[in-house]
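The sequence shown maps to residues 81 to 152 in this note's numbering. Below is one structure; the comments refer to it alone.
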Amino acid sequence: MLVVASWVTSGSIAQANDVQTLTWPDGTRYVGSVRSNQMHGQGTIYWQDGTRYAGNFENHERQGAGMIILPD
81 MLVVASWVTS GSIAQANDVQ TLTWPDGTRY VGSVRSNQMH GQGTIYWQDG TRYAGNFENH
141 ERQGAGMIIL PD
């Protein structure tokens with residue numbers, strides 16, 4: 081499956097560890113640190129159903145401890 085995403089950023093994408101937003105076509109979004117155009121560092125993923133995951137990411141994958149927050 082090919083997933084196309086778009087970057088929305090408030091700063092230069094070239095700066096390491098800027099807080100940036102990655103949005104997928106289904107509305108899922110990631111807000112957090114990015115390195116080499118991948119989720120890397122501290123961040124949060126928000127799904128459309130209200131679920132979110134906050135934690136660390138390494139090379140676009142969840143890494144280590146994190147917290148899943150379910151909607152009410």
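Yeah, the Cβ is synthetic: ideal placement off N, Cα and C, and Gly gets one too. All values reported here derive from a predicted model rather than from experimental measurement.
Apply the 10 Å Cβ neighbour rule to residue i and answer buried if 16 or more other Cβ atoms are within range, or exposed otherwise.
i           : result
residue 149 : exposed
Please state if the CB of residue j and the CB of residue i are separated by a distance shorter than 9 Å.
i           : j           : result
residue 143 : residue 137 : yes
residue 109 : residue 133 : no
residue 111 : residue 123 : yes
residue 98  : residue 113 : yes
Taking just the CA atoms, how far does residue j sit from residue i?
i           : j           : result
residue 82  : residue 146 : Only weak support exists for where residue 82 lies, its pLDDT of 42 falling under 50; the value from the coordinates is given anyway. Residue 82 and residue 146: Cα-Cα distance of roughly 27 Å.
residue 100 : residue 118 : 10 Å
residue 106 : residue 121 : 23 Å
According to DSSP, which residues form a beta bridge with residue i?
i           : result
residue 144 : According to DSSP, which records beta bridges pairwise, residue 144 is partnered with nothing at all.
Checklist entry - Of all the beta strand (DSSP E) runs that stay within the bounds of the stretch 103-140, which reach a length of 3 or more residues? => result As summarised for the stretch 103-140, the continuous beta strand (DSSP E) elements at least 3 residues long and confined to that stretch are 109-115, 118-126 and 132-138, given in chain order.
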